[in-house]
Each structure stands twice: as C-alpha cells, then as structure tokens.
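First the structure, in the form of structure tokens, and then the observations on it.
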Amino acid sequence: MRSTWRNHGAAIYAACALAFLHAPLAILILFSFNASRFTVWEGFSLRWYRVALEDPQLAEGLLNSLVIAGVSGVLSTVIGTLAAYAMWRRGARVLSGMLYLSLVTPEIVTGVSLLALFEGAFRFLQLRLGLHTVIIAHVAFSIAYVTIVISARLRSYDRTLEEAAMDLGASEWGAFARVTLPNLAPGIAAAGLLALVVSFDDYVITSLVAGVDSQTLPMVIYAMARRGVSPVVNAVSAFIVVAFGVVILLSERLQRR
Amino acid sequence: MNLRSAFLLPARVWSAVFLATPLAIVCAYSLLTRGDYGGVERPWTPENYTRLLDPLYLGILWRSLWMAGLATAVCAVAGFPLALFIARAGRRRNLLLQLVLLPFWTSFLVRTYAWLFILRDTGLVNTALLRLGVIRSPLPLLYNEGAVLLGLVYNFLPFFVLPLYATLERLDPALPEAAADLGATPLRTLRRVILPLAAPGIAAGCVLVFIPCLGAYLTPDLLGGGKTVMLGNLIQNQFTTARDWPFGSAASLVLMLVSAAPLWFLLRREAR
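Going down the list, the sequences are from chains A and B.
Count along the first sequence from 1, add 29, and you get the number used in the working numbering.
Count along the second sequence from 1, add 86, and you get the number used in the working numbering.
Encoded structure:
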C-alpha cells in the first residue's frame with residue numbers, strides 16, 4: 030500500500046515537472062489566438078497573425094533569417110561532413126580540439142571575439158557588418174554540431190565497405206562518393222536541419238555581428254519583447270515553435286534511419 | 087595532397103580564421119589599453135585584470151557564480167526525481183523523454199519570452215490576480231534575481247535530466263531490490279545505493295547546467311531587465327555601449343577560465 034502511494038507521488042511529481050516545462054509555451058500559443066490586446070481571454074481570433082504578416086520589419090527579419098540559415102546551413106553541412114569523414118579515417122587532434130572548444134565557449138564570448146576580428150579586419154578592408162558577417166559567424170559555430178551528428182553516424186558505419194569498393198577498383202574519391210556518401214545521406218540531411226535550426230535561433234552572437242540592415246527575426250522579436258506587450262510577438266513565437274518542432278522531428282526521423 | 091587532407095582543409099581554415107584567431111585577438115586585447123575613440127592602443131598592461139578585482143566587478147562575478155550555482159542546485163533537486171521516474175517508467179520511457187526534450191527544441195528566445203509574458207505587470211499572473219481582486223497593484227514578479235533564476239532553471243533543466251537519465255537507465259534494478267530485501271528503507275536505498283551509482287550522471291548534469299548558466303546573457307537581460315547583471319551582460323556592455331574592448335576582453339577570458347574549471351574537473355573524473 031505504502032509503495033503504491035509512493036508510486037503515485039512520483040507520478041504526480043513527474044506530471045507537475047512536465048507541466049512546468051510545457052505550460053509557459055502552451056499559454057504563449059493560446060494567447061496568440063486571443064482577440065484582446067490584453068492578457069484577458071476575449072475569444073478566438075487570428076487578428077495578431079494578420080498583423081504579424083503585414084509587419085514589414087518582421088517580414089524583413091524572417092527573410093534575413095532564412096537567407097542566413099540557408100546559406101550557413103549548406104556551408105557548415107558541407108564543411109562539417111567533409112571534416113567528420115576525414116577525422117573518421119584518421120583523427121585530427123587540433124581540429125577536434127578547436128571544435129570542442131567552440132562548443133564550450135560561452136556564446137557571448139564567441140560573439141565579441143568575432144566582432145573584434147571583423148572590426149579589426151575592416152580597418153584594412155572596405156567592408157561593414159552585414160549579412161555576410163552573420164553567415165560567417167553562424168558557419169563557425171555550426172560546424173561542430175554537424176561534425177558531431179555525422180561522426181555519430183560514421184561510428185556505426187562498416188569500414189570494410191570502402192575497402193571492398195577499392196578492392197573492386199574504385200578510387201579513394203570514388204569509394205567516398207559512390208559508397209560512403211549515399212550511406213551517410215540521412216545523417217547529412219539531419220545535420221543540415223540541425224544547423225538550420227541552430228542558426229535560425231541564435232540571438233546573442235547574431236546581435237553582435239549583424240549590421241543595421243541585417244536584422245534577423247530573433248532580433249526583431251527581441252526588440253518587440255523589450256518594447257512591451259504585443260500579442261504579435263505571441264503569434265510569431267507560436268509560428269516559430271511549430272516550425273522548429275516540424276524541422277526537429279524530421280531531423281530525428283532521419284537520424285534514426 | 088591526399089583526399090583526407092583536402093577534406094579537412096575547409097574546416098581547418100574556417101576554424102583557424104573564425105574561431106582561433108578571434109580568441110587570440112581577445113587574449114591580446116585583454117592586455118592592451120583602451121583607445122580614445124573606443125579602439126585599442128598600446129602600452130601592454132595587466133590593468134584590465136586588476137580592474138576586475140574592483141568590488142563592483144567582483145560583485146558581478148560573484149553574482150554569476152551564485153546564480154549559476156543556485157540554478158544548478160535547483161535543477162538537480164527538481165530533475166533527479168523526474169529522471170528517476172522516467173528511467174523506471176518501462177515502456178513509456180521514450181515518450182516521457184520526448185516530452186522533456188520537446189520544449190527544449192524550441193527557440194531559446196521564445197522560451198525566455200514566454201516567462202516575460204507570464205510574469206510582467208500586465209502579464210498573465212498579475213492580470214489574473216488583479217481581476218480576482220487578490221491584489222490591488224501588480225506584484226513585481228519580473229526584473230529581479232528570482233525571475234532570472236526561474237528562467238535559467240526553465241531553460242536548462244533538460245540539460246540535467248538527460249545525462250542523469252542515461253546513467254539511471256543503465257542502473258541494474260536488481261541492486262535497489264537487493265538493498266530493500268536486506269532491510270534498507272527506501273530513503274537509505276536511495277542514499278547508499280542509487281545516489282552513489284548515479285553520481286557520474288549527476289556530475290555531468292551539473293556541469294552541463296552550470297556552464298551555460300554562468301555565461302548566460304539573454305535570460306538575465308530579458309528577465310532581469312538590466313538589474314541582475316551577470317558576466318555575460320558585463321561583457322556585452324563593454325563591447326557595445328561602453329566600448330572598452332580591453333576590459334571586455336579580460337572579462338571574457340575570466341569567464342572562459344571559470345567555465346573551463348568544472349569541465350576539466352569532470353573530464354579528469356571520467357578519465358579515472
């Protein structure tokens with residue numbers, strides 16, 4: 030009897046903890062459908078979604094974020110995949126050390142150090158902060174994520190497959206391109222989607238290396254959130270929650286294949 | 087050049103130019119002097135580091151350590167029973183684990199904004215309490231250390247639950263059963279059998295929560311409203327508004343060193 034009570038207690042606690050994790054987001058999404066401007070439920074409405082869709086700043090931020098996530102996602106996926114494959118063949122201590130360091134470096138430090146680099150370089154080059162600097166920064170921190178996902182996949186990959194291909198006359202490149210690469214494809218897609226999300230989500234590093242004309246969606250949301258109450262932010266947040274959920278689910282599916 | 091070196095080249099170049107060089111620049115800047123127009127100048131000086139010993143900045147360092155430590159402790163106390171429950175949930179394990187991870191997979195900014203929405207003067211809690219007539223004026227729920235702590239715990243709790251779950255899952259269920267058969271009370275079983283076996287998971291979880299909390303910028307900024315200044319906010323401020331890059335660089339390096347300490351401890355522990 031006592032043991033059942035204990036089990037019930039544990040289950041109730043777990044339910045409360047999970048509610049704590051989910052309730053804030055659920056409330057946020059619920060109130061994005063509120064007809065009222067205030068935090069009082071006055072009925073269902075898509076009003077704030079319409080306002081969000083018509084907001085030029087949000088549209089520009091979304092476009093910038095998509096461009097940055099797309100370009101940096103492709104670049105970091107290519108660079109990270111090649112590096113992971115090369116390190117699987119034989120380790121590269123300095124590079125993997127660098128990548129681990131980039132994972133544990135606090136975001137704010139990554140951001141200011143890149144800002145220092147860019148501003149230093151701009152004294153010699155006629156350039157300014159903009160989309161390109163954000164893309165460079167995002168590639169820099171995404172390579173480590175991509176490499177980790179691809180390396181995990183390579184760990185269960187059979188080395189003898191490549192050896193067999195080469196015994197049958199394939200070149201080094203041929204064995205990689207025709208045998209290993211197709212096997213890695215789901216992992217590469219998963220890593221790419223992860224890089225996309227990590228890039229799209231970043232605020233701290235982006236805000237430091239973005240120029241005035243390259244505001245991203247998180248930067249616009251941040252500015253709106255600071256200004257005060259607006260259910261528009263809820264609507265955009267709800268959109269992001271759902272979009273991220275879909276991409277991550279897709280990525281996990283692919284990783285399991 | 088063989089295929090392997092060719093494949094490594096882009097990653098090597100990118101991380102050398104955009105990861106190693108920026109950190110080297112910050113190291114150098116931290117020993118230079120602030121220029122008249124916000125740039126950096128010679129002479130070389132250790133002054134930026136000695137300035138960090140000023141009570142004002144020591145206070146910020148101390149607050150960062152305190153907030154990160156407190157958030158880690160709360161995550162540990164709140165996360166342990168949750169991880170234990172999930173590890174013993176049998177077939178529903180994966181579902182429960184996904185439920186823990188799901189909010190973690192949404193935007194960090196959105197998760198933090200959710201608390202802003204709930205806690206502010208015109209937010210959910212205050213509006214509800216005002217309407218119910220419980221209070222006459224809004225409670226100051228936001229822009230204090232409590233709000234920052236809540237935000238940190240909320241954002242990083244999954245970081246504690248995940249590694250601990252991985253450890254508890256591998257724990258042989260026969261061991262706690264044996265302890266119970268031998269007459270140990272549940273509390274004693276927990277203390278003498280489960281906790282020692284779960285120690286690596288607890289240590290990993292603590293480090294994974296502590297490090298990002300220590301360098302947190304967004305959470306103290308949004309939920310602390312500039313009143314709860316942590317190291318991350320100090321660094322950001324020095325590089326933007328204050329434009330004292332040498333001092334900001336010194337603070338960055340101190341943050342990195344203090345973050346590395348628990349990680350180094352953990353890796354050494356695992357190596358043993």
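Ideal Cβ placement from N, Cα and C applies to all residues, glycine included.
Since the structure is predicted, the reported quantities are computational estimates derived from the model, not experimental observations.
Asked, Found
"Any beta-carbon of chain A closer than 8 angstroms to the one on B/SER150?", "no"
"In the DSSP output, which residue or residues are listed as bridge partners for B/VAL126?", "B/ARG120"
"Can you give me the start and stop residues for the alpha helix (DSSP H) that B/MET153 sits inside?", "141-173"
"Below 9 angstroms on C-beta distance, what does B/ILE111 contact in chain A?", "SER142, ALA145, LEU146, GLY149"
"Buried or exposed for B/THR198, please, with buried defined as at least 16 other CB atoms from any protein chain shown within 10 angstroms of its CB.", "buried"
"For A/ALA224 and A/LEU279, I'd like the C-alpha separation in whole angstroms.", "13 angstroms"
"Can you say whether B/LEU202 is buried or exposed, counting buried as having 16 or more other CB atoms within 10 angstroms of its CB?", "buried"
"Using DSSP with H/G/I as helix, E/B as strand and the rest coil, what is A/ASN63?", "strand"
"A/THR134 and B/MET342 look like a contact to me (Cβ under 8 angstroms); what is the Cβ gap, rounded to whole Å?", "7 angstroms"
"Can you list, in chain order, the residues of the region 191-223 of chain A whose Cβ is nearer than 8 angstroms to any Cβ on chain B?", "GLU201, TRP202, PHE205"
"Among A/VAL141, A/LEU160, A/LEU128, A/HIS51, which has the Cα closest to the Cα of A/GLN244?", "A/LEU160"
"Tell me which same chain residues have a C-beta within less than 7 angstroms of the C-beta of A/GLU191, skipping the five on either side of it?", "ALA204, VAL208, THR209"
"By a C-beta neighbour count over all protein chains shown, 10 Å radius and 16 as the cutoff for buried, is B/ASP307 buried or exposed?", "buried"
"Can you confirm whether A/ASN263, when its beta carbon is compared against all beta carbons of chain B, has any partner nearer than 8 angstroms?", "yes"
"Using only CA atoms, which one of B/PHE104, B/ALA200, B/PRO189, B/LEU168 lies nearest to B/VAL234?", "B/ALA200"
"How about B/VAL126 and B/TYR115: do their beta carbons lie closer than 8 angstroms?", "yes"
"Run the CB neighbour count on B/GLU356, radius 10 Å, all protein chains shown included, and call it buried at 16 or more, exposed below.", "exposed"
"Name, please, each residue of chain A whose Cβ falls closer than 8 angstroms to the Cβ of B/TYR115.", "ALA145"
"Where does the unbroken alpha helix (DSSP H) through A/ALA166 begin, and where does it stop?", "160-184"
"DSSP has A/CYS73 in a bridge; who is on the other side?", "Here residue 73 of chain A turns out to be Phe, not Cys, going by the sequence shown. According to DSSP, which records beta bridges pairwise, A/PHE73 is partnered with A/ASN63."
"Do you know how far the Cα of B/ARG120 is from the Cα of A/SER92?", "Going by the sequence as given, residue 92 of chain A is Leu instead of Ser. Taking the straight line from one Cα to the other gives about 38 angstroms."
"Note the first and the last residue of the continuous alpha helix (DSSP H) segment covering B/PRO57.", "Outside the shown range of chain B, which is 87 to 358, sits residue 57 of chain B, and nothing can be said about it."
"Within 10 angstroms of its Cβ, does A/GLN86 collect 16 or more other Cβ (buried), or is it exposed?", "exposed"
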